[in-house]
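In what follows, a single structure is set out as structure tokens and then discussed.
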Amino acid sequence: MTTDPAAATTAAEPPPATVGGHVEQAPLSSPPQRPLGRIPVLDVRPCVDHGARPAKAVVGEPFEVTATVFREGHDAVSASVVLTDPDGDERTVTMSCDNPGLSHWVREISADETGLWSYRVEGWSDPWGTWVHDASIKVAADIDAELMLAEGVRVLQRALEEPTRTPSGRQVLRDGIAVLQDETARPSTRLHTVTHGEVAAEMTDHPLRELLSPSADLPLLVERERALVGSWYEIFPRSEGARFDEETGRWISGTLRTAAQRLPAIAAMGFDVVYLTPVHPIGTTARKGPNNTLDASPTDPGSPYAIGSPDGGHDAIHPDLGDFDDFDAFVAAAEAEGLEVALDLALQCSPDHPWVSEHPEWFTTRADGTIAYAENPPKKYQDIYPVNFDKDPAGIYAEVRRVVQVWIDHGVRIFRVDNPHTKPVEFWQWLIDDVAADHPDVIWLAEAFTKPAMMHTLAKVGFQQSYTYFAWRNTAAELTEYGTEVSGEAAAYMRPSFWPTTHDILTPYMQFGGEAAWRLRAALAATMVPTWGIYAGYELMEHVARPGAEEQIDNEKYQLKDRRWADFEPGGAREGESLAGWLTMLNRIRREHPALRRLRNLRFHHVDDENLLAYSKRATTEGGGDGSDDGTADGEDVVLVVANLDPHGTRESTVRLDMPALGLGWDERVEATDLVTGAVWDWGSENYVRLGTDGEPVHVLALRRY
Numbered sequence: 281m282t283t284d285p286a287a288a289t290t291a292a293e294p295p296p297a298t299v300g301g302h303v304e305q306a307p308l309s310s311p312p313q314r315p316l317g318r319i320p321v322l323d324v325r326p327c328v329d330h331g332a333r334p335a336k337a338v339v340g341e342p343f344e345v346t347a348t349v350f351r352e353g354h355d356a357v358s359a360s361v362v363l364t365d366p367d368g369d370e371r372t373v374t375m376s377c378d379n380p381g382l383s384h385w386v387r388e389i390s391a392d393e394t395g396l397w398s399y400r401v402e403g404w405s406d407p408w409g410t411w412v413h414d415a416s417i418k419v420a421a422d423i424d425a426e427l428m429l430a431e432g433v434r435v436l437q438r439a440l441e442e443p444t445r446t447p448s449g450r451q452v453l454r455d456g457i458a459v460l461q462d463e464t465a466r467p468s469t470r471l472h473t474v475t476h477g478e479v480a481a482e483m484t485d486h487p488l489r490e491l492l493s494p495s496a497d498l499p500l501l502v503e504r505e506r507a508l509v510g511s512w513y514e515i516f517p518r519s520e521g522a523r524f525d526e527e528t529g530r531w532i533s534g535t536l537r538t539a540a541q542r543l544p545a546i547a548a549m550g551f552d553v554v555y556l557t558p559v560h561p562i563g564t565t566a567r568k569g570p571n572n573t574l575d576a577s578p579t580d581p582g583s584p585y586a587i588g589s590p591d592g593g594h595d596a597i598h599p600d601l602g603d604f605d606d607f608d609a610f611v612a613a614a615e616a617e618g619l620e621v622a623l624d625l626a627l628q629c630s631p632d633h634p635w636v637s638e639h640p641e642w643f644t645t646r647a648d649g650t651i652a653y654a655e656n657p658p659k660k661y662q663d664i665y666p667v668n669f670d671k672d673p674a675g676i677y678a679e680v681r682r683v684v685q686v687w688i689d690h691g692v693r694i695f696r697v698d699n700p701h702t703k704p705v706e707f708w709q710w711l712i713d714d715v716a717a718d719h720p721d722v723i724w725l726a727e728a729f730t731k732p733a734m735m736h737t738l739a740k741v742g743f744q745q746s747y748t749y750f751a752w753r754n755t756a757a758e759l760t761e762y763g764t765e766v767s768g769e770a771a772a773y774m775r776p777s778f779w780p781t782t783h784d785i786l787t788p789y790m791q792f793g794g795e796a797a798w799r800l801r802a803a804l805a806a807t808m809v810p811t812w813g814i815y816a817g818y819e820l821m822e823h824v825a826r827p828g829a830e831e832q833i834d835n836e837k838y839q840l841k842d843r844r845w846a847d848f849e850p851g852g853a854r855e856g857e858s859l860a861g862w863l864t865m866l867n868r869i870r871r872e873h874p875a876l877r878r879l880r881n882l883r884f885h886h887v888d889d890e891n892l893l894a895y896s897k898r899a900t901t902e903g904g905g906d907g908s909d910d911g912t913a914d915g916e917d918v919v920l921v922v923a924n925l926d927p928h929g930t931r932e933s934t935v936r937l938d939m940p941a942l943g944l945g946w947d948e949r950v951e952a953t954d955l956v957t958g959a960v961w962d963w964g965s966e967n968y969v970r971l972g973t974d975g976e977p978v979h980v981l982a983l984r985r986y
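So, in structure tokens, the structure goes:
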């Protein structure tokens with residue numbers, strides 16, 4: 281019996297075999313082994329929790345799919361990625377083997393719309409590749425030359441029979457067959473014509489894939505760009521417009537209307553997300569006074585994280601701030617400035633919250649009958665009751681979902697979640713999934729400074745972004761290790777957000793580093809990862825800590841603050857003391873350089889001085905990106921950052937670049953334009969740098985091949 285070679289079978293349909301005149305199925309391995317395909321396809325990545333959870337990407341974000349693909353013997357093998365969109369339409373692209381010795385295959389892909397996609401890797405026998413290899417050797421040695429060309433004809437004839445091949449492709453193959461069969465030409469000439477011309481291009485673009493063996497389909501969640509890229513600016517709305525009344529000796533709170541007046545300045549610095557700390561009513565029971573004291577006066581505003589009073593709970597607005605009309609006006613004003621509004625979701629209660637009286641079963645009761653307040657020894661939060669999610673899960677879940685919907689209905693599409701690691705992971709998985717069913721554009725940022733396992737799991741179950749340990753990574757070794765971690769395998773599901781300070785964090789580096797530290801940490805946060813943020817007042821380098829704590833003295837969590845922004849504007853009493861121009865420059869650089877809006881492209885380079893750090897980001901762009909010349913080649917954007925991590929001194933050293941990581945040969949030279957100062961240098965693989973207190977602490981260089 282003869283078998284048509286074009287009748288390729290897949291791993292799911294093993295080829296028939298004849299036993300005693302009867303056709304039987306080829307034997308499969310027995311459990312517990314899972315049968316491999318005819319062409320083994322192993323270790324497909326990215327793969328999150330063995331495929332139980334989706335890898336993540338945003339629209340247009342390139343990411344690599346890799347796999348181990350091989351076969352027995354010496355015949356050629358190849359692999360493809362099949363990307364399936366939410367409508368079920370498939371796109372197949374051929375992979376490349378970047379390490380033949382390890383059978384490692386790779387292909388960069390991207391998705392062009394939001395939704396739940398899937399991808400798989402297909403291994404396949406490559407008859408064309410096998411023939412080209414064998415024929416090239418034998419024809420050159422004049423061994424069975426005509427026979428090898430005849431074998432080539434058979435391969436092209438099988439390719440002709442594929443129903444998906446285009447008419448023009450079929451004509452190219454017919455022409456190739458005619459060339460191979462033209463015995464008036466030398467065999468080497470015929471072989472070269474077919475393997476180096478249109479026939480070779482057709483077989484590369486539309487390969488003949490036999491013994492097709494697919495991996496399992498893996499899920500891919502594709503979201504809007506803001507899930508990956510953003511510049512955040514945090515404010516306490518009550519401080520924006522707050523003032524001290526000299527006549528009464530009392531503070532007057534800012535409102536949502538006065539806070540909206542700050543939005544043009546925030547947008548002018550290039551930020552695209554304005555993040556509001558809680559705007560809800562604040563309880564009076566156990567209210568905290570200035571600097572977390574327990575003796576609040578009647579005029580102290582209390583912590584906005586002690587949510588709830590007779591005026592309402594998580595679905596209400598503090599009367600001092602205004603009402604929902606004022607909130608809607610704030611959101612509209614933000615949108616007019618190109619800003620999205622992020623709202624703090626802090627699932628905890630003041631003792632005065634309506635939930636406490638209406639649902640006391642939602643809280644933990646101690647042996648003496650009192651409700652347990654929040655503690656993180658030695659820290660105590662007497663003004664806050666944690667919700668016990670195990671007491672009435674159905675009721676609590678439904679109520680939180682209702683609350684979230686209230687704010688979605690008023691234009692909020694981003695939630696910064698306070699301490700999500702103190703609530704059940706399964707709750708977050710349910711909530712984020714349930715919201716996404718109706719509002720897939722909603723984004724969640726996890727404020728979880730906790731154990732890595734919890735941080736990573738929160739990302740896997742749905743949080744699009746996460747705070748990180750960046751604030752506490754100060755040395756070159758620490759930043760290299762951490763940057764490699766967050767941009768490596770974890771980037772398939774966890775998107776880091778870098779903040780130099782927050783209203784809860786003021787590290788010793790920032791307390792004592794001076795202006796160089798504040799410039800440097802902003803530059804690192806803005807260029808190492810696609811999402812970064814600052815807390816209001818960063819421009820003013822508010823660096824004095826509360827004794828015994830890594831947070832600011834006179835913290836806005838417990839009191840109002842009037843920063844007198846007008847004093848720092850041109851013509852103001854403190855003109856020139858603000859870092860607003862520095863922050864504006866960083867956000868402009870981010871907008872102009874697509875490489876900085878990617879996460880998985882972070883690469884580190886060696887510097888002889890351990891106090892200096894060097895890293896690059898490289899991205900291929902369509903049509904040259906923003907139209908500038910700041911790339912090593914057309915359609916490519918390359919940014920190199922060199923930073924002095926010592927805020928107290930000037931450092932000189934040699935930067936030794938990994939040129940292939942920049943898309944360059946080891947002997948090539950580039951024009952390096954410093955986007956901070958405008959200086960231009962001629963750079964190669966080894967370069968002298970001088971950075972420090974007598975100049976800028978960082979180079980942000982755009983590289984362009986000559």
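For our numbering, count along the sequence shown from 1 and bump the result up by 280. C-beta atoms are modelled at their ideal positions from N, C-alpha and C, and glycine is treated no differently. Computed from a predicted structure; not experimentally measured.
Quick one: residues in its chain with C-beta nearer than 6 Å to the C-beta of Gly-763, no 5 flanking neighbours on either side, listed in chain order? Taking the first residue of the sequence shown as 1, we reach residue 763 at position 483. If we look at Gly-763 and ignore the five residues flanking it on each side, its Cβ neighbours are Met-808 and Leu-882.
Using the three-state DSSP reduction, which class does Tyr-399 fall into: helix, strand or coil? On the sequence shown, position 119 is the one that residue 399 refers to. Here Tyr-399 sits in strand by DSSP.
Using CA atoms only, rank isn't needed, just tell me which of Asp-365, Glu-527, Ser-533 and Asp-552 is closest to Glu-836. Here the question's residue 836 lines up with position 556 in the sequence shown. If we check each option's Cα against that of Glu-836, Ser-533 comes out closest.
For Ala-678, tell me which candidate among Ala-616, Val-697, Trp-642 and Tyr-895 has the shortest Cα-Cα distance. Residue 678 sits at position 398 when you count from the first residue of the sequence shown. If we check each option's Cα against that of Ala-678, Trp-642 comes out closest.
Straight-line gap, Arg-434 to Met-375 (C-alpha atoms, nearest Å): The residue given as residue 434 occupies position 154 in the sequence shown. The residue given as residue 375 occupies position 95 in the sequence shown. Answer to the nearest angstrom: the Cα atoms are 25 Å apart.
Could you tell me the boundaries of the alpha helix (DSSP H) in which Ile-869 lies? Along the sequence shown, read from residue 1 onward, the residue named residue 869 stands at position 589. Element bounds for Ile-869: 860 to 872.
Buried/exposed call for Thr-755, threshold 16 Cβ in 10 Å: Here residue 755 corresponds to residue number 475 of the sequence shown, with the count starting at 1. Exposed, since its Cβ has fewer than 16 Cβ neighbours within 10 Å.
Ranges of the alpha helix (DSSP H) found wholly within the segment 482 to 560, counting only runs of at least 4: 536 to 540 and 543 to 548
I'd like to know whether the C-beta atoms of Ala-770 and His-823 end up nearer to each other than 8 Å. Position 490 of the sequence shown, counting from 1, holds the residue named residue 770. Position 543 of the sequence shown, counting from 1, holds the residue named residue 823. No, these two residues do not count as a Cβ contact at 8 Å.
Go through its chain and collect everything with a Cβ distance to Ala-420's Cβ below 8 Å, but skip five positions before and after it. In the sequence shown, residue 420 corresponds to position 140, counting from 1. So the list reads Ser-468, once near-sequence residues are dropped.
Using a Cβ-Cβ cut-off of 6 Å (strictly less than) and excluding sequence neighbours within five positions of Ala-875, which residues of its own chain qualify? As a first step, residue 875 must be located in the sequence shown, where it is residue number 595. Lys-897, Arg-898, Ala-899, Asp-917 and Val-919, listed in sequence order.
Three-pair Cβ contact test at 8 Å for the segment 394 to 405 versus the segment 489 to 500: yes
Output the distance between the C-alpha atoms of Ala-481 and Pro-326, rounded to the nearest integer angstrom. Counted from its first residue, the sequence shown places residue 481 at position 201. Counted from its first residue, the sequence shown places residue 326 at position 46. Distance between the alpha carbons of Ala-481 and Pro-326 is about 30 Å.
The alpha helix (DSSP H) with Lys-740 in it runs from where to where? As a position in the sequence shown, residue 740 is number 460, starting the count at 1. Unbroken alpha helix (DSSP H) run through Lys-740: 732 to 740.
Smallest Cα separation from Ala-356: which of Trp-512, Arg-854, Glu-490 and Glu-932? Locating residue 356 in the sequence shown gives position 76, counting from the first residue. Considering only alpha carbons, the answer is Glu-490.
Grab the span of the alpha helix (DSSP H) containing Gly-449 for me, first residue to last. Here residue 449 corresponds to residue number 169 of the sequence shown, with the count starting at 1. Looking at the DSSP string, the run of the alpha helix (DSSP H) that includes Gly-449 is 447 to 461.
Expressed to the nearest angstrom, what Euclidean distance is found between the alpha-carbon atoms of Val-373 and Val-361? Position 93 of the sequence shown holds residue 373. Position 81 of the sequence shown holds residue 361. Using only the alpha carbons, I get a separation of about 5 Å.
Hey, could you find the ends of the alpha helix (DSSP H) Leu-429 is sitting in? Locating residue 429 in the sequence shown gives position 149, where the first residue counts as 1. From DSSP, the alpha helix (DSSP H) with Leu-429 extends over 425 to 440.
How many Å lie between Cys-377 and Pro-320 at the Cα? Looking up residue 377 in the sequence shown gives position 97. Looking up residue 320 in the sequence shown gives position 40. Cα to Cα, Cys-377 sits roughly 15 Å from Pro-320.
With a floor of 4 residues, list each alpha helix (DSSP H) that falls wholly inside the segment 597 to 633, ordered by position along the chain. 604 to 616
Would you tell me roughly how many angstroms separate the C-alpha atoms of Asp-392 and Arg-985, rounded to the nearest one? Your numbering for residue 392 matches position 112 in the sequence shown. Your numbering for residue 985 matches position 705 in the sequence shown. The alpha-carbon atoms of Asp-392 and Arg-985 are separated by roughly 30 Å.
With hydrogens ignored, establish whether the beta-carbon of Val-386 is closer than 7 Å to any heavy atom of the ligand SAH. Questions concerning the ligand SAH fall outside what the structure shown contains, since it holds no ligand whatsoever.
Let me check one thing: in DSSP terms, what residues is Gly-813 bridge-paired to? Position 533 of the sequence shown, counted from the start, is the residue given in the question as residue 813. According to DSSP, which records beta bridges pairwise, Gly-813 is partnered with Trp-512.
With Leu-471 as the anchor, note down where its alpha helix (DSSP H) starts and where it stops. The count along the sequence shown starts at 1 and reaches residue 471 at position 191. It spans 467 to 476 - the alpha helix (DSSP H) in which Leu-471 sits, taken as one unbroken run.
Assuming contact is defined by CB atoms lying nearer than 8 Å, are Asp-247 and Asp-624 in contact in what I supplied? Since the first residue shown for the chain is 281 and the last is 986, residue 247 is missing from the structure and cannot be characterised.
At the level of alpha carbons, what is the spacing between Gly-691 and Asp-632? The residue given as residue 691 occupies position 411 in the sequence shown. The residue given as residue 632 occupies position 352 in the sequence shown. Each residue's alpha carbon lies about 28 Å from the other.
Would you list the one or two residues that DSSP bridges to Ala-359? Here residue 359 is taken as the residue at index 79 of the sequence shown, counted from 1. Bridge partners of Ala-359: Gly-403.
One or two residues paired with Gly-592 in a DSSP bridge: Here residue 592 refers to the residue found at position 312 of the sequence shown. Gly-592 pairs with Ser-589.
Ignoring anything shorter than 4 residues or poking outside the segment 734 to 798, list the alpha helix (DSSP H) runs there in chain order. 756 to 767 and 788 to 792
Are Pro-634 and Phe-669 touching if we call contact CB-CB under 8 Å? The residue given as residue 634 occupies position 354 in the sequence shown. The residue given as residue 669 occupies position 389 in the sequence shown. No, these two residues do not count as a Cβ contact at 8 Å.
Selection from Leu-619, Glu-966 and Glu-932 that minimises the alpha carbon distance to Glu-976: The count along the sequence shown starts at 1 and reaches residue 976 at position 696. Of the listed residues, the one whose Cα sits closest to Glu-976 is Glu-932.
State the start and end residues of the unbroken alpha helix (DSSP H) segment that holds Arg-898. The residue you call residue 898 lines up with position 618 of the sequence shown. Here Arg-898 belongs to no alpha helix (DSSP H); instead the beta strand (DSSP E) covers 892 to 900.
Selection from Ile-694, Glu-966 and Asp-422 that minimises the alpha carbon distance to His-886: For this step, residue 886 is matched to residue 606 along the sequence shown. Here the closest residue by C-alpha is Glu-966.
Mapping DSSP to helix, strand and coil, what is Asp-698? As a position in the sequence shown, residue 698 is number 418, starting the count at 1. Asp-698: strand per DSSP, three-state reduction.
So, for Phe-878: in the same chain, excluding its five sequence neighbours on each side, which residues have a beta-carbon less than 6 Å away from its beta-carbon? Position 598 of the sequence shown, counted from the start, is the residue given in the question as residue 878. The sequence as given places Arg at residue 878; Phe does not occur at that position. Closer than 6 Å at the Cβ level, and outside the excluded window around Arg-878, lie Ala-899.
Leaving out the 5 sequence neighbours to the left and right, which residues in its chain are closer than 6 Å to His-302 when beta-carbon positions are compared? Taking the sequence shown and counting its residues from 1, the one referred to as residue 302 is at position 22. Low local confidence applies: a pLDDT of 45 at His-302 is under 50, so the model's placement there is unreliable, with the coordinate-based value given in what follows. Around His-302: no qualifying Cβ.
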